[in-house]
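Numbering (the UniProt record's numbering), first residue to last: 1 to 423. We put the beta carbon where it would ideally sit given N, CA and C, even for glycine. Here's the structure we're looking at; comments come further down.
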Amino acid sequence: MIDCSSDAGDAQRREESRALAHLGLTELGKATRGVSKVHRAIATGVFGTLGRTPLRTWTEPTRAVHDAISEGVYTATAQSLDTAGGVAGSVVGGWGRPPSHTVPGALGLAVLNGLIGDELTAAGSPLAASMGVWHEGRPVEPTAEALRTTFGEPATASGHLVVFIHGLMETELAWNAGEDPGYGPRLGEDIGACPVYIRYNSGRHISDNGQDLDRLLTSLVALWPVPVRTLTLVGHSMGGLVLRSACHSASDGHSQWLRVLRHTVCLGTPHLGAPLARGVHAAAAALHAAPVTRPFANLLRRRSSGVRDLHHGTVLARDWERNTAPDKWFQPLSTDVWLPAHAQHLYVVATVTRSRRHIVGMIVGDGLVLTGSGRGRNRRRHIGYLADDGLHIGRSHHFTLLNDDTIYAWMLDRVRPRHQITA
């Protein structure tokens with residue numbers, strides 16, 4: 001027996017399913033055009049070489065026929081896939097819950113958003129995630145009634161909020177990593193704090209997500225069932241950059257939630273940039289130099305705004321807005337944005353080696369983020385972290401940081417209020 005959801009859920013399911021079908025075939029069309037460009041570059045090289053030999057008399061007519069046929073085939077195929085994408089999008093309805101409300105669907109859409117989330121947003125696609133609170137696989141509207149229903153009436157709700165912000169290509173489900181309970185449930189059990197999980201489109205600019213988080217936190221604090229006395233922000237990887245951007249936005253706009261902010265915790269956050277993002281940038285620049293590899297460079301250059309921001313850890317809009325040559329080999333450094341002075345700012349870094357001074361640990365870091373970037377300090381940059389407010393864990397990787405006993409014990413000791421908050 002098929003269990004149908006509400007009308008709103010049915011509509012969202014149909015929209016997401018149609019968008020996925022359309023996107024899949026449209027992307028195949030784009031891939032076909034990419035293959036066509038590679039084919040054209042190779043053929044141009046071959047026929048160009050033959051054209052400088054005595055065989056030119058025969059090769060020129062052959063080239064004309066070859067180009068006409070190949071271009072016709074590729075164009076027809078790409079256009080057919082574009083048309084098929086539109087047709088598929090109009091007929092696919094799907095069954096069951098919306099993909100974004102299921103674990104496999106949410107994970108798949110998180111990757112998609114991380115890769116091309118800015119394009120999805122610009123196109124108005126229902127696949128583009130919006131900044132919001134999620135609870136047990138469902139979105140929670142930022143209204144007083146919805147917050148009371150989800151997090152408790154005034155008699156039971158907590159006044160200490162711990163807001164969790166995931167990283168690139170993740171969702172709030174990432175905080176459930178491992179077999180043991182995550183940080184959120186444990187903080188609720190140990191100090192009576194209420195975990196609140198955020199989902200957002202990690203392919204958008206970090207500054208855009210920071211502004212949205214600022215607005216969302218303003219609504220949460222204003223509409224929470226009881227007065228919020230303590231706010232703690234916890235970000236993994238890119239999530240730490242988003243919370244830093246939100247703090248800057250709140251400082252500029254004098255947002256009320258900033259008054260109750262007591263702690264920020266950044267876990268494996270590339271404050272100064274990530275090697276992988278720089279590697280992709282360098283590869284795109286190198287591949288663009290030769291005509292035959294230029295289509296591959298164009299594919300890499302299609303990376304999302306969020307991924308581009310990870311080159312130097314850009315959290316301000318003005319840094320990417322003034323960058324008139326985002327594909328050049330050398331990119332200008334981003335502005336070092338310090339966090340609000342009245343709160344305590346904690347950070348955790350990891351290395352795959354036991355010691356962070358081991359040569360492998362220094363080169364690899366946690367696999368994605370180097371120690372210096374996670375600490376927010378190197379010879380040229382410093383975002384204001386104090387050495388005593390940091391923790392290093394060895395023999396760990398980037399995703400160990402999502403749920404680790406050592407990190408939890410260290411974090412608990414620092415975010416615990418002087419007087420334990422009770423419901």
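Query	Result
Burial state of ASP404 (16 or more Cβ within 10 Å)	buried
VAL221, buried or exposed, once every other Cβ within 10 Å from all chains shown has been counted against 16	buried
TYR385: first and last residue of the uninterrupted alpha helix (DSSP H) it sits in	Where TYR385 is concerned, there is no enclosing alpha helix (DSSP H), given that its DSSP letter is neither H nor E.
Candidates PRO126, VAL315, LEU368, GLY306, of which the one nearest LEU401 by Cα	LEU368
Same chain, Cβ closer than 7 Å to SER304, five either side skipped, listed in chain order	GLY114, LEU115, ILE116, GLY117, ASP118, GLY203
Cβ-Cβ separation, LEU233 to THR264 (assumed contact under 8 Å), whole Å	5 Å
ALA106 versus PRO142 - alpha carbon distance	20 Å
Cα-Cα separation between VAL140 and TRP134, rounded to whole angstroms	6 Å
Spatial neighbours of PRO154 in its chain, beta-carbon cut-off 6 Å, leaving aside the 5 residues before and after	PRO225, VAL226
Closer than 8 Å: VAL234 CB and nearest the ligand SAM heavy atom	Ligands in the displayed structure: none, and consequently the ligand SAM is not present.
LEU261 in three-state terms, based on DSSP	strand
Helix, strand or coil at PRO195 according to DSSP, with G and I counted as helix	strand
Assigned secondary structure, ALA11 (DSSP; H/G/I helix, E/B strand, else coil)	helix
Check whether TYR200 and HIS166 have beta carbons under 9 Å apart	yes
PHE330 in three-state terms, based on DSSP	coil
Paired residues, beta bridge with HIS160 - DSSP	THR230
First through last residue of the beta strand (DSSP E) which encompasses ALA123	Careful: ALA123 lies outside any beta strand (DSSP E) and carries neither H nor E.
Enclosing beta strand (DSSP E) for LEU268 [first to last residue]	In the sequence as displayed, the identity of residue 268 is Gly instead of Leu. Unbroken run through GLY268: none, as it is neither H nor E.
Residues near THR324 in its chain [Cβ-Cβ closer than 7 Å; skip 5 each side]	none
C-beta atoms of LEU216 and MET131 nearer than 9 Å	yes
Where the beta strand (DSSP E) containing VAL242 begins and where it ends	Per DSSP, VAL242 belongs to no beta strand (DSSP E); it is in the alpha helix (DSSP H), 238–253.
Beta-bridge partners of LEU346, as assigned by DSSP	VAL265
Classification of GLN211 by the beta-carbon crowding that lies within 10 angstroms, buried from 16 upward	buried
Nearest neighbour of ARG375, chosen from GLY188, HIS358, VAL349, ALA122 [CA to CA]	VAL349
Whole-angstrom C-beta distance between SER237 and LEU168, which should lie under 8 Å	6 Å
Alpha-carbon spacing of LEU231 relative to THR150, whole angstroms	18 Å
Continuous alpha helix (DSSP H) stretch holding residue 425: start and end	The question about residue 425 has no answer, for the chain in this structure spans 1 to 423.
Secondary structure of TRP338, DSSP reduced to three states	coil
Cα-Cα separation between HIS382 and ASP336, rounded to whole angstroms	7 Å
Continuous alpha helix (DSSP H) stretch holding LEU401: start and end	No alpha helix (DSSP H) holds LEU401; DSSP gives it neither H nor E.
9 Å Cβ cutoff met for LEU310 and GLY253	no
9 Å Cβ cutoff met for GLU15 and PRO98	yes
Residues that DSSP places opposite HIS392 in a beta bridge	VAL349
VAL364 - partner residues in DSSP beta bridges	Answer is none; VAL364 lacks a bridge partner.
For ASP389 and residue 437, the rounded distance between their alpha carbons	Outside the displayed range of the chain (1 to 423) lies residue 437, so it cannot be described from this structure.
Spatially closest choice to GLN344 from LEU147, ARG416, ILE363, by CA coordinates	ARG416
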